[in-house]
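Only one structure is covered here, and it is reproduced in the block below.
Residue numbers (our numbering): 7 to 56.
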């Protein structure tokens, strides 16, 4: 997985918490969405908060 500067994340039990940085450009948002999808696939959380 790529290391992203567009977001940060943490896993707390069965929850994935994602924070999108406010200065993310539109083109970077697409890459962030793909990385977040990979996080969901990897961790299989019951819930995701953004």
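Cβ coordinates follow ideal geometry from the N, Cα and C atoms, glycine included.
Around the beta-carbon of residue 28, fewer than 16 other beta-carbon atoms lie within 10 Å, marking it exposed. If the five residues before and after residue 15 are omitted, its C-beta is found closer than 8 angstroms to the C-beta atoms of 22, 23, 24, 25, 42 and 45, all from its own chain and listed in chain order.
In the three-state DSSP reduction, residue 50 falls in the coil class, being neither helix nor strand. Rounded to whole angstroms, residue 19 and residue 56 show a C-alpha spacing of 16 angstroms. Residue 30 is positioned such that its CB atom lies no closer than 8 angstroms to that of residue 39.
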